[in-house]
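Reading the sequence shown from the start, the letters are residues 15 to 888 in our numbering. Don't be surprised by glycine CBs; every beta carbon is placed ideally from N, CA and C.
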Amino acid sequence: MRMMGLNEIREAYLKFFEEKGHLRAESAPLVPQSDASLLLINSGMAPLKPYFSGEVTPPAKRMTSCQKCIRTPDIENVGKTSRHGTFFEMLGNFSFGDYFKKEAIAWAWEFCTQTVGLPVERLYPSVYLEDDEAWDIWTKDIGVSEDHMVRLGKKDNFWEIGSGPCGPCSEIYYDRGEASGCGDPGCAPGCDCDRYVEFWNLVFTQFNNDGCGNYTLLAQKNIDTGMGLERLACILQGVDNLFEVDTIRRVLQRVCEIAGVTYKANERQDVSVRVITDHIRSTTMLISDGVLPSNEGRGYVLRRLLRRAARHGRLLGVKEPFLHDLCTTVVEESGSAYPALMAKKDFICRVVRLEEERFGQTVEAGLRLFGEAMAKTMSVFSGETAFKLYDTFGFPIDLTLELLEEQNVELDRAEFDALMQMQRSRAREARAALGDFGWQSLNLALDRDLQTTFTGYEQMSSTGTIWAIHDNTASVKLIEEGQEAVLVLDATPFYAESGGQVADTGVIFSDTGSFAVKDVQKSKDGKILHIGFVETGVFEQGDSVTAQVDAERRRAIMRAHSAAHLLQKALRDTLGGHIEQAGSLVEPDRVRFDFTHFSALSSEELETVGREVNDHVLMGLPVLVREMPLDKAREEGAVALFGEKYGSVVRTVKMGDYSFELCGGTHLDNTAKVGSFWLLGESSVAAGVRRIEARVGKAVLEHAQYQARMLQMAAVALKATPNDLVERAERVIDELRGMQRTISGFMQRQSNEIAERLLFSSRTIEGLKVVTAARDDLEPEQMRTMAVAMAERAPELVGVVATTQGDKITFLAVCGKDAIARGIKAGELIREVTKICGGSGGGKPDLAMGGGKDAMLVDNALATVDDFILSRVK
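Now the structure itself:
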């Protein structure tokens with residue numbers, strides 16, 4: 015058996031299957047592409063589902079990959095067992111209607127026994143109970159002894175998920191020896207103990223399940239194999255814990271160095287060390303693939319991982335941010351396999367540090383509230399308090415549950431879940447109010463071999479044939495005036511929304527009618543869906559039509575899209591190479607561009623970016639669009655844009671020698687046609703993500719004309735010319751400041767005079783100077799000034815003043831320091847007084863304000879002051 019590092023095993027596997035005629039595929043991003051059924055990629059075959067289903071033609075009939083995966087359902091067990099982890103890598107080889115069981119089994123055995131040298135006597139293959147074909151291949155063709163074979167039932171050795179393609183499995187187990195077993199004489203592969211480790215699963219997809227338990231043979235049989243890279247590394251390196259695999263162990267050691275602890279010296283500390291080690295690997299990979307911390311979806315998964323790791327750091331005594339340091343170690347260990355980690359290292363570290371710092375603030379506030387609530391808790395923690403921690407303070411419910419578990423206290427989960435459900439219901443109602451035509455749910459049962467030809471790169475009008483028509487429920491043959499529908503043509507110039515560029519609009523017409531196109535989307539297999547309604551006449555499947563894009567609107571979109579490419583390049587030149595697109599919206603003559611950066615841009619940086627874009631607009635750079643192999647495009651320095659999916663051949667857009675990007679959108683043929691670029695400003699979108707908004711082309715002219723009108727109107731209002739407007743405005747502001755100082759001085763003197771008169775008319779109760787008054791000549795701010803003046807003159811003061819302006823009643827209570835010392839507090843006093851008038855109030859012990867509703871009861875309210883003092887004074 016060869017002693018091999020994890021990185022070495024990965025490369026050996028991929029090279030082995032390349033030599034068997036397989037196309038080596040890069041790991042897909044952890045964020046699923048065009049698969050709404052998955053939050054994150056959780057298996058090696060998940061990105062390849064369209065190939066297995068036949069929706070999309072694979073680039074080769076044989077493929078191999080090492081796929082990054084994230085699974086979090088068992089997150090609570092991470093660190094507590096040797097098996098559980100949230101991030102893992104799955105090695106796989108796949109056949110789409112090419113080879114089948116015989117080759118898959120033979121190659122698996124060859125790799126195990128010859129490439130990595132696993133001892134034959136320790137290998138135990140399993141097959142499905144009824145799969146005699148696989149049994150015979152293992153025993154007769156490969157020569158595995160029958161006492162090393164095992165038949166297992168459907169639970170272990172048959173892969174299916176509801177209806178659809180399915181088939182038997184064959185797994186390979188490694189025997190770690192009796193010392194690792196349960197001691198049961200019948201212990202064998204399939205036992206739940208740790209003796210027999212299943213590390214390779216070969217799935218033979220050969221049946222179709224109709225959902226009722228009926229299985230029919232598939233016309234195209236497929237192979238889907240998966241081998242856990244970390245599991246195989248454990249076997250080859252002779253360790254029984256995934257945290258002791260070489261690359262993972264080095265991350266773990268760095269955790270111990272930072273925390274100042276020794277691994278395997280304290281089990282409680284070991285759990286925290288393992289949790290941090292696992293979670294920082296997942297975190298680094300997720301951010302590298304474009305996920306950022308948030309409170310929903312995959313962003314919440316990331317935030318949860320980060321905050322669990324940060325909390326376990328605190329349990330180890332690490333109070334300062336430290337996780338970003340560990341990201342560097344992860345990058346060093348995995349960067350050779352995933353180059354994006356190296357390119358994004360600084361960005362990943364900064365995202366992690368920022369999130370950890372924010373969590374530090376959150377956890378302090380949350381722990382205070384948690385501690386206060388725990389002091390009042392006997393055995394069940396309030397679900398309402400847990401929801402408040404989550405909803406108001408951003409305190410993760412998972413963290414609350416962990417803290418309660420440590421103190422053997424249960425959560426009132428029913429109450430918490432009920433409040434969460436109410437919140438979700440409100441969100442659903444808000445979404446429902448927006449309305450939706452519902453095209454996404456249509457079953458577009460079209461021939462997969464038919465592909466829509468997009469003609470819109472060269473022209474804005476072209477002829478075609480209607481392949482299919484769908485209303486909002488099903489496929490139909492004919493639609494009439496007023497009906498909403500989706501039309502699918504064999505050729506179209508309409509651009510479907512993609513990569514941030516909005517869809518074209520326009521009209522489809524024929525001899526029999528006119529169809530208004532309001533939106534254009536793409537199906538999974540690339541068919542272009544024209545969404546709209548029949549303006550006039552009728553349309554029937556098979557009709558010949560002319561599709562006409564709104565040309566003026568399209569040109570405005572092209573101006574914005576070309577400007578977006580110039581903007582990205584200007585940002586990278588100004589701020590640095592870490593800038594990456596994190597989202598965009600390209601509309602007619604408008605650009606919204608999100609990018610990775612950690613601080614607001616200064617006015618100088620914004621000016622530089624805007625100037626650089628306009629400079630390259632004025633240069634009139636030619637825009638060259640070419641198709642080329644993806645590898646060649648990358649070699650030449652092409653930059654990928656957010657939201658685009660790339661095949662082996664890509665479309666590139668090059669603007670002179672300035673900007674060079676991969677892009678499937680529509681563009682100008684010269685940057686001069688952008689016209690002009692006006693940067694409106696920038697703002698924050700999320701942690702580590704900024705947003706720039708800009709106008710281009712005609713929108714710039716309209717904006718400039720609007721500002722010119724506003725400038726002229728302001729000049730007229732200030733009795734100046736536009737050229738003298740700034741000087742005139744400064745003079746007016748100086749005059750206003752002078753007037754304000756005069757008014758403030760007058761108000762201060764008036765307040766002092768009123769304070770003197772009120773104190774002169776005061777009465778004494780229990781040694782306190784009491785003032786009550788109702789006046790109609792005071793503003794709230796003046797009331798506060800007067801109250802402060804009285805309290806400074808008379809520390810023993812207790813005063814309540816009311817003023818009425820129209821229907822509004824305002825009360826103010828003031829207490830001097832001596833009155834407060836004797837138990838009279840303004841906040842309590844104002845509540846008692848205002849409730850007499852049907853109002854409420856509150857404030858600090860020395861000053862409080864409130865309001866009332868019934869002006870006829872103001873005198874009654876003031877009359878309660880004496881009784882309040884007598885009931886409270888010490």
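Non-local C-beta neighbours of Q251 in its own chain, meaning closer than 7 Å and more than five positions away in sequence, comprise M17, V259, D260, ordered along the chain. In the structure shown, the three-state DSSP call for D224 is coil. Nearest C-alpha to N280 among L330, R245, L246: L330. Going by beta carbons, I55 and C83 fall inside the 8 Å limit. Residue pairing by DSSP places M77 opposite L37, F108 in a beta bridge.
Per the C-alpha coordinates, the member of N107, D608, D189 positioned closest to R136 is D189. Excluding its 5 nearest sequence neighbours in each direction, F114 has C-beta neighbours in its own chain below 6 Å: K235, listed in chain order. Taking the Cα of V847 as reference, the smallest distance to any Cα among R312, L715, D880, R836 is reached at D880. The beta strand (DSSP E) runs lying completely inside the stretch 567-616 and spanning 3 residues or more are 595-601, 604-610, given in chain order. Put simply, the backbone Cα of A561 is about 47 Å away from that of R317.
Spatial neighbours of Q515 in its own chain (CB-CB distance under 6 Å, excluding positions within 5 residues in sequence) are listed in chain order as H575, V600, G679.
G852 and K867 have their C-alpha atoms some 5 Å from each other. Between L503 and I480, the C-beta spacing is below 8 Å. Three or more Cβ pairs closer than 8 Å define a contact, and the stretch 804-811 meets that threshold against the stretch 827-834. The C-alpha of I823 lies about 27 Å from the C-alpha of V887. Counted as a single uninterrupted DSSP element, the alpha helix (DSSP H) harbouring W121 occupies residues 115-124. Here the alpha carbon of T276 sits roughly 25 Å from the alpha carbon of R245. The C-beta of C183 has 16 or more other C-beta atoms within 10 Å across all chains shown, which makes the residue buried. Counting only the Cα atoms, G752 lies some 12 Å from E744.
Secondary structure note for F336: it is in no beta strand (DSSP E), with a DSSP letter that is neither H nor E. The Cβ atoms of A652 and E626 lie no closer than 8 Å to each other.
In the DSSP annotation of this structure, the continuous segment of the beta strand (DSSP E) that includes R665 starts and ends at 663-669. For the 8 Å CB-CB criterion, A530 and G546 form a contact. In the three-state reduction of the DSSP assignment, R771 falls in the helix class. Within 10 angstroms of the beta-carbon of Y229 lie fewer than 16 other beta-carbons, which makes it exposed. Straight through space, the alpha carbons of L355 and S348 are spaced by roughly 8 Å. Per DSSP, the continuous beta strand (DSSP E) segment holding D238 begins and ends at 229-242.
By the Cβ neighbour-count rule, R282 is exposed, with fewer than 16 other Cβ atoms within 10 Å of its own. Rounded to whole angstroms, E495 and D608 show a C-alpha spacing of 41 Å. The stretch 673-692 makes contact with the stretch 509-524: 3 or more CB pairs, one atom from each, lie closer than 8 Å. If the five residues before and after P736 are omitted, its C-beta is found closer than 7 Å to the C-beta atoms of L725, Q726, A729, all from its own chain and listed in chain order. One Cα belongs to Q796, the other to R322, and the distance between them is close to 52 Å. In this structure F336 is not in contact with I262, their Cβ atoms being roughly 18 Å apart against a cut-off of 8 Å.
Runs of the alpha helix (DSSP H) spanning 4 or more residues and lying entirely within the stretch 244-319 occur at 260-273, 281-302, in chain order. Short of 8 Å from the beta carbon of L871, and not among the five residues preceding or following it, lie these beta carbons of its own chain, in chain order: I850, C851, G852. The count of Cβ pairs closer than 8 Å, one atom from the stretch 163-171 and one from the stretch 133-153, reaches three, so the stretches are in contact.
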